[in-house]
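Protein chains in written order, with the working numbering: chain B, 1 to 487; chain W, 1 to 487.
For reference, the structure is listed below as C-alpha cells.
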C-alpha cells in the first residue's frame with residue numbers, strides 16, 4: 001500500500017506543469033545537440049571527400065556535387081514517404097494551429113521522424129537553409145507527444161487551453177535550443193506565433209527555454225567542445241568605445257537598405273515559387289520525377305559554391321556557421337597594415353579570394369547566398385530561413401563596415417571603425433526585416449555574447465520597420481499565402 | 001491656396017502614429033535627462049554641504065539631516081497641494097487604466113507637474129527610491145496630453161483603442177528613458193502592465209522607446225558627460241571565461257534566496273503600511289500634520305546613513321547609482337593581494353569601513369537599504385521601488401561572490417571567481433522576484449553593457465519564479481491591494 005501511495009504521488013507530480021516543462025527542455029536540448037552533431041559530421045564528410053581527392057579536379061568536382069545531391073534526394077524522398085507535413089519551416093503552420101485551426105497529421109510521430117531525419121540530411125548538404133523554424137515544429141510535436149504520453153500514464157484529462165499553452169512554450173524552447181538564446185527565443189516565439197499573447201504564459205516558455213538552453217550548452221562542455229558556458233558565436237569586439245555617435249547614420253542606412261533587401265527576398269522567394277507552380281507542364285513533370293527539382297537546385301548551388309571554381313569568389317567552402325564566425329571577427333579585412341595572427345590571416349586570405357578584393361568576394365557572397373536561400377527554402381525538404389538571412393545580413397553589414405573603414409582610415413571620433421560591429425548590426429537588421437520581428441536584436445546579443453551595439457542594433461530595425469510596414473510583407477505571411485493556409 | 005494645402009498636408013502628417021511616437025520619445029528623453037540633472041545637483045549639494053562643514057560635527061550632522069528633510073517636506077507638501085494622484089509609483093494605476101478602468105484626474109497636467117517636481121525633490125534627498133515607476137506614469141500623462149494637443153490641432157477625432165495603444169507605448173518609453181534600455185523597457189512594460197498583449201502594439205512601443213533611449217544617451221554626449229554611446233552602468237568583467245559551470249549552483253542559490261527576499265520585501269512593505277494605517281489615532285495625527293511622517297522617516301534613514309557615524313558601516317554616503325557602479329566593479333574586494341589602481345583602492349576602502357570587513361559592510365548595507373526602501377516607498381511622495389531593489393540585489397550578489405572568492409581562493413575550473421558577475425546575477429534575480437518579471441534580466445544586460453552572464457541571469461529568475469509563484473505575491477499586486485484598486 002505504501003508503494004502504491006508513493007506511486008500515486010509520483011504520478012500526480014509528473015502531471016505538474018514544471019516537470020513537463022523541464023522534461024521538454026531537456027529532450028529538445030538533447031535532440032538539438034544530436035542533430036547539430038550529425039549535421040556537423042555531414043559537412044565534415046563533404047569537406048573531407050573534397051580535400052582527399054585533391055589533384056583530381058573532375059573527381060573532386062563530382063564528389064563535391066554528388067554527395068549533397070544524394071543527401072538532398074534522400075531527404076526529399078524520405079520526407080515525401082514518411083511525413084509530407086514535415087516540408088518547410090513550420091512556423092506559419094504553428095501560427096495557424098495556435099490560432100485554433102486544426103491541421104491534421106501535423107503533430108504526429110511520423111511527421112516528427114520525417115522532420116528530424118529530413119532536416120539532418122538537408123542541412124548536412126550545405127544548402128543555405130537554417131534549423132530554427134523546423135526546430136520550432138519539432139519542439140511542438142515533441143510537446144504534443146509528451147503531453148499525450150503523460151496524459152495516458154497519469155489519467156489526467158486533456159485540456160485544450162493547457163495544450164495551447166504548452167505549444168506556445170514549445171515554440172520558445174525550439175528557438176532557445178537552436179541558438180542557446182532563452183530570452184530571444186521566448187520573444188521570437190511570441191512575435192512570430194501569437195497575435196494576442198497571454199502574459200501569464202510567459203514564464204512557462206521562459207522556464208522551459210532556460211532548461212533547454214542550459215542543457216544544450218552543458219552538453220557542449222561535456223563533449224569537450226567548449227571550456228565553459230559562452231555564447232554560440234562569441235565575438236570579441238572593442239567595448240570601451242564601441243562606435244561614435246556619427247556612425248549611427250551609417251547604421252541607419254544599413255537599416256533602410258536591409259528593409260528593402262528583406263522585402264526583395266520575400267518577393268524573390270514568392271516569384272520563384274509562383275513561377276514553378278505556374279508552369280503546368282513543369283509542375284506535372286516535377287511532381288512525377290520528385291528528385292529532379294531538389295537535385296537541380298542543389299546542383300546549381302553546389303556548382304556556384306565549388307571551392308575549386310566559382311566558390312573562390314564567394315567563399316563557397318564555408319558553411320553558414322563558419323561564415324558567420326568569420327564575419328563577426330574583430331579584424332578589419334580591407335586594412336593592409338593590420339597586425340594579424342595566423343588564424344586571422346587565413347580568414348582574410350579566404351575572403352580576399354583570387355582577385356585579392358574583399359569587397360568583390362563579399363558582394364558575390366551576398367548575391368549568391370541571397371538567391372540560393374530564396375531557392376533552397378522552396379525545396380520540398382524541411383528548411384528554415386532565419387540562419388541564411390542572418391548570415392547574409394552579417395555579410396552586408398561587414399561590407400558596409402569595410403567600406404567605412406576605407407573611407408575613414410583614421411576612424412571617426414578619434415577611434416578606428418570596427419567592421420565586426422557593422423556585421424552584427426546588419427545581421428540584426430536583415431533578419432528582423434525578413435521575419436518582421438524585433439526580438440532578432442535580442443537573439444543577436446545572446447548569439448554573440450556582446451551587447452555594446454544595443455542602440456545601433458535597435459536603430460536599424462526601427463528604420464527597417466517603418467519600411468516593412470509600408471511594404472506589409474513578412475516572410476511568415478508570405479509563406480502562409482504560398483501554402484494556401486491564409487487567403 | 002498653395003500655402004493652405006501645404007498647411008493641410010503638414011497637419012495630416014502630424015496626426016500620423018510615427019510622428020507622435022517620435023515626439024513622445026524625444027520629449028521623454030529631454031525630461032528624463034533634465035530630471036537626472038536636477039537630482040544629481042541635489043545629491044551633489046548635500047555632499048558639498050557635508051564636506052564643507054568638515055570639522056564641525058554637530059553642524060555637519062544637522063546639515064546632512066536637515067537638507068533632505070526640507071526637500072522631502074517640500075516634495076510631500078507640493079504633491080499634496082498640486083496633485084495628490086502623483087503619490088507613489090504609478091505602475092499599478094497604469095495597469096488598472098490599461099485594463100479599462102477610468103481613474104479621474106490621473107492623467108492631467110496638474111498631476112504631471114506634481115509628479116515631476118515631487119520626484120526631483122524626493123529623489124534628490126537620497127532616499128532609497130527609484131525613478132522608473134513614476135517615470136512610466138509621467139510618460140503616460142505626457143502621451144495623453146500630447147494626444148489631446150494633436151487632436152485639437154488637427155481635428156482628428158479621439159479613438160479609445162488608439163489611446164490605449166499610445167498609453168502602452170508610453171509605458172515602454174518611460175522605462176527606456178530611465179535606463180537607456182529600449183528592449184528591456186518594452187518587455188518590462190508588457191509584463192507589468194498587460195495581461196493580454198496585442199503583438200501589433202509591440203513595434204509602437206519599441207520605436208518610441210528607441211527614439212527615447214537614443215536621445216537620452218545623445219544628450220549625455222552633448223553635455224560632455226560621456227564620450228560616446230555606452231551603457232548606463234558599464235561593467236568591465238572578464239568575458240573569455242565568465243564563469244565555470246559549477247558556479248551555476250551558486251547562482252541557483254542566489255536565485256532561491258532572492259525569491260525569499262523578494263517575498264519578504266513585499267511582506268515588510270505591506271506590514272509597515274498596514275501598521276501605519278491600522279493605528280487610528282496615529283493615522284489621524286499624521287493626516288493632520290502631513291510633514292511629520294516623511295520627516296521622521298527621512299530623519300531615521302539619514303541618521304543611519306550619516307557618513308560620520310553609522311553610515312561608515314553601511315556605505316551610507318553612496319547614492320543608489322554610485323553604489324551600483326561600485327558593486328559592479330571588476331575587483332575582488334576581499335582579496336588582500338589584489339593589484340588595484342587608486343580608484344579601485346578607494347572603493348575597497350570605502351566598503352571595508354572602519355571594521356575593515358567587507359562582508360559586515362555589505363550585510364549592513366543590504367539590511368539598511370532593505371528596511372529603508374520598504375519604508376521610503378510608503379511615503380506620500382512619488383517613488384519607485386525598482387532601483388533600490390536592484391541595488392540591494394547587486395549587494396547581495398556581491399556578498400555571495402566575495403564569499404565564493406574566499407571559499408575558493410584558487411577559483412573553480414582553473415579561473416578565479418568574478419564577484420562582479422555575482423552582483424549582476426543578484427540584481428537581476430532580486431528585482432525579478434520583487435516585480436515578478438523576467439525582463440529585468442534584459443534590463444540588466446542593457447544597463448551593464450555585458451551579456452556574458454546571460455545563462456546565470458536567467459537561471460536565477462527561473463528558480464526565483466517557481467518560488468514566487470508559490471507565494472503568489474508581486475509588488476505590483478501588493479500595491480494594487482494596498483491602494484484598494486483591486487480586491
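Think of the CB as a built atom: it goes at the ideal place given N, C-alpha and C, for glycine as much as any other residue.
- [ ] Could you confirm whether any beta carbon from chain B is found closer than 8 Å to the beta carbon of residue 20 of chain W?
- [x] Against the second chain, residue 20 of chain W aligns to sequence position 20. Residue 20 of chain W does not count as touching chain B.
Open item on the list: Below 9 Å on C-beta distance, what does residue 33 of chain W contact in chain B?
Closed with: For the purposes of this step, residue 33 of chain W is taken as residue 33 along the second chain, with counting starting at 1. Within 9 Å Cβ-Cβ: nothing; residue 33 of chain W doesn't reach chain B, min ~15 Å.
TODO: Compare the C-beta of residue 417 of chain W with all C-beta atoms of chain B and state if any pair is closer than 8 Å.
DONE: Translated into the one-based positions of the second chain, residue 417 of chain W becomes position 417. It does not; no Cβ of chain B falls within 8 Å.
Open item on the list: Counting only C-beta atoms, is residue 433 of chain W closer than 8 Å to chain B at any point?
Closed with: In the second chain, counting from the first residue as 1, residue 433 of chain W sits at position 433. By this cut-off, residue 433 of chain W is not an interface position.
- [ ] Take residue 483 of chain B and list the residues in its own chain whose beta-carbon comes closer than 7 Å to its own, dropping the five residues that flank it on each side.
- [x] As a first step, residue 483 of chain B must be located in the first chain, where it is residue number 483. Reliability of the predicted coordinates at residue 483 of chain B is poor, the pLDDT of 47 falling under 50, and the value obtained from them is presented with this limitation in mind. Excluding residues within five positions, the ones whose Cβ falls inside 7 Å are 92.
Open item on the list: Is the separation between the beta-carbon of residue 186 of chain W and that of residue 172 of chain W shorter than 8 Å?
Closed with: The count along the second chain starts at 1 and reaches residue 186 of chain W at position 186. The count along the second chain starts at 1 and reaches residue 172 of chain W at position 172. Yes, the pair counts as a contact, with Cβ atoms nearer than the cut-off.
- [ ] Could I get the ranges of all uninterrupted alpha helix (DSSP H) runs contained in the region 58–139 of chain B, with 4 residues as the minimum, in chain order?
- [x] 91–98, 109–124
TODO: Report the neighbours of residue 441 of chain B on chain W: residues whose CB is nearer than 7 Å to its CB, in chain order.
DONE: Counted from its first residue, the first chain places residue 441 of chain B at position 441. Simply 183.
Open item on the list: If we define contact as Cβ-Cβ less than 8 Å, is residue 492 of chain B a contact residue for chain W?
Closed with: The displayed coordinates of chain B run from 1 to 487. Any statement about residue 492 of chain B would go beyond what the structure contains.
Open item on the list: Between residue 351 of chain W and chain B, is any beta-carbon pair separated by less than 8 Å?
Closed with: Within the second chain, numbered from 1, the residue matching residue 351 of chain W stands at position 351. No - not a single Cβ of chain B is within 8 Å of the one on residue 351 of chain W.
Open item on the list: Residues in the same chain with beta-carbon distance under 7 Å from residue 317 of chain W, minus the five sequence neighbours each way, listed in chain order, please.
Closed with: Translated into positions along the second chain, residue 317 of chain W becomes position 317. Excluding residues within five positions, the ones whose Cβ falls inside 7 Å are 307, 311.
- [ ] Let me know if residue 95 of chain W comes out buried or exposed under the rule of 16 or more other beta-carbons within 10 Å of its beta-carbon.
- [x] To locate residue 95 of chain W, count along the second chain from 1; it is residue 95. Label assigned to residue 95 of chain W: buried.
TODO: Compute the Euclidean distance between the alpha carbons of residue 301 of chain W and residue 362 of chain W, then round it to the nearest angstrom.
DONE: Indexing the second chain from 1 puts residue 301 of chain W at position 301. Indexing the second chain from 1 puts residue 362 of chain W at position 362. Cα to Cα, the separation comes out at about 17 Å.
TODO: Go ahead and pull the three-state DSSP assignment for residue 246 of chain B.
DONE: For the purposes of this step, residue 246 of chain B is identified with residue 246 of the first chain, where counting begins at 1. Note: residue 246 of chain B maps to coil in three-state DSSP.
Task: Limits of the unbroken alpha helix (DSSP H) element including residue 220 of chain B - done: Against the first chain, residue 220 of chain B aligns to sequence position 220. First-last of the alpha helix (DSSP H) with residue 220 of chain B: 202–222.
- [ ] Rounded to whole angstroms, what's the CA-CA distance from residue 473 of chain B to residue 34 of chain W? Just pull it up for me.
- [x] Position 473 of the first chain, counted from the start, is the residue given in the question as residue 473 of chain B. Position 34 of the second chain, counted from the start, is the residue given in the question as residue 34 of chain W. Unreliable positioning characterises residue 473 of chain B in this predicted model, as indicated by a pLDDT of 49, which lies under 50. A coordinate reading is not provided.
Open item on the list: Using beta carbons (cut-off 8 Å, strictly below), is residue 422 of chain W in contact with chain B?
Closed with: Position 422 of the second chain, counted from the first residue, corresponds to residue 422 of chain W. Taking Cβ atoms only, chain B never reaches closer than 8 Å to residue 422 of chain W, which makes this a no.
TODO: Identify each residue in the region 400–417 of chain W for which the Cβ-Cβ distance to at least one residue of chain A is less than 7 Å, and report them in chain order.
DONE: Among the protein chains in the structure shown, which are B and W, there is no chain A.
Task: Cα-Cα separation between residue 100 of chain W and residue 181 of chain W, rounded to whole angstroms - done: Counted from its first residue, the second chain places residue 100 of chain W at position 100. Counted from its first residue, the second chain places residue 181 of chain W at position 181. When rounded, the distance between both Cα atoms is 28 Å.
- [ ] Mind checking which residues open and close the alpha helix (DSSP H) that includes residue 429 of chain W?
- [x] Within the second chain, the letter at position 429 stands for residue 429 of chain W. Per DSSP, residue 429 of chain W belongs to the alpha helix (DSSP H) from 419–435.
- [ ] Compare the C-beta of residue 452 of chain W with all C-beta atoms of chain B and state if any pair is closer than 8 Å.
- [x] As a position in the second chain, residue 452 of chain W is number 452, starting the count at 1. With 8 Å as the cut-off, residue 452 of chain W counts as an interface residue toward chain B.
TODO: Please list, in chain order, all residues of the same chain as residue 114 of chain W whose beta carbon is under 6 Å from its beta carbon, the five residues on each side excluded.
DONE: Translated into positions along the second chain, residue 114 of chain W becomes position 114. For residue 114 of chain W, where only same-chain residues beyond five positions count, the Cβ hits under 6 Å are 79, 82, 83, 86.
Open item on the list: Strictly under 8 Å for the Cβ-Cβ distance: is residue 188 of chain W near chain B by that measure?
Closed with: Counted from its first residue, the second chain places residue 188 of chain W at position 188. No - not a single Cβ of chain B is within 8 Å of the one on residue 188 of chain W.
Open item on the list: Please classify residue 42 of chain B as buried or exposed, where buried requires at least 16 neighbouring CB atoms within 10 angstroms.
Closed with: Along the first chain, one-based indexing puts residue 42 of chain B at 42. The residue is buried, with at least 16 neighbouring Cβ atoms inside 10 Å.
Open item on the list: Let me confirm a value: residue 57 of chain B is counted as buried when at least 16 other C-beta atoms fall within 10 Å, else exposed. Which label applies?
Closed with: As a working mapping, residue 57 of chain B is identified with position 57 in the first chain. Classification of residue 57 of chain B: exposed, given that the 10 Å Cβ count is below 16.
Task: Continuous beta strand (DSSP E) stretch holding residue 37 of chain W: start and end - done: Within the second chain, the letter at position 37 stands for residue 37 of chain W. Not the beta strand (DSSP E): residue 37 of chain W falls in the alpha helix (DSSP H), residues 17–52.
Task: Nearest residue (CA-CA) to residue 288 of chain B, options B:248, B:3, B:77, B:394 - done: Counting from 1 along the first chain, the entry for residue 288 of chain B is found at position 288. Of the listed residues, the one whose Cα sits closest to residue 288 of chain B is B:77.
Open item on the list: Does residue 106 of chain B pass the burial test, meaning 16 or more other C-beta atoms within 10 Å, or should it be called exposed?
Closed with: For the purposes of this step, residue 106 of chain B is taken as the residue at position 106 of the first chain. Buried, by the Cβ-count rule.
Open item on the list: Output needed in chain order: residues of the region 252–282 of chain B with a Cβ under 7 Å from some Cβ in chain W.
Closed with: none
Task: Environment of residue 269 of chain B [buried if 16+ CB atoms lie within 10 Å] - done: Numbered from its first residue, the first chain carries residue 269 of chain B at position 269. So residue 269 of chain B ends up on the buried side.
Task: Whole-Å CB distance - residue 254 of chain W paired with residue 425 of chain W, under 8 Å assumed - done: Here the question's residue 254 of chain W lines up with position 254 in the second chain. Here the question's residue 425 of chain W lines up with position 425 in the second chain. That pair is a contact at about 6 Å.
TODO: Label residue 1 of chain W either buried or exposed according to how many other C-beta atoms from any shown protein chain fall within 10 Å of its C-beta, with 16 as the threshold for buried.
DONE: Here residue 1 of chain W corresponds to residue number 1 of the second chain, with the count starting at 1. Exposed, by the Cβ-count rule.
Task: Exposure of residue 320 of chain W, with buried meaning 16 or more beta-carbon neighbours within 10 Å - done: Sequence index remark: in the second chain, residue 320 of chain W carries index 320 (1-based). With 16 or more other Cβ atoms within 10 Å, it is buried.
- [ ] Name, please, each residue of chain B whose Cβ falls closer than 7 Å to the Cβ of residue 216 of chain W.
- [x] Counting from one through the second chain, the residue named residue 216 of chain W turns up at place 216. Going along chain B, no residue has its Cβ under 7 Å from residue 216 of chain W, so there is no contact; the nearest lies around 10 Å.
- [ ] Please classify residue 143 of chain W: does DSSP put it in a helix, a strand, or coil?
- [x] Walking along the second chain from the start, residue 143 of chain W turns up at place 143. Helix, per DSSP.
- [ ] Answer with yes or no whether the minimum CB distance from residue 161 of chain W to chain B is below 8 Å.
- [x] Locating residue 161 of chain W in the second chain gives position 161, counting from the first residue. False, the Cβ-Cβ gap to chain B never drops below 8 Å.
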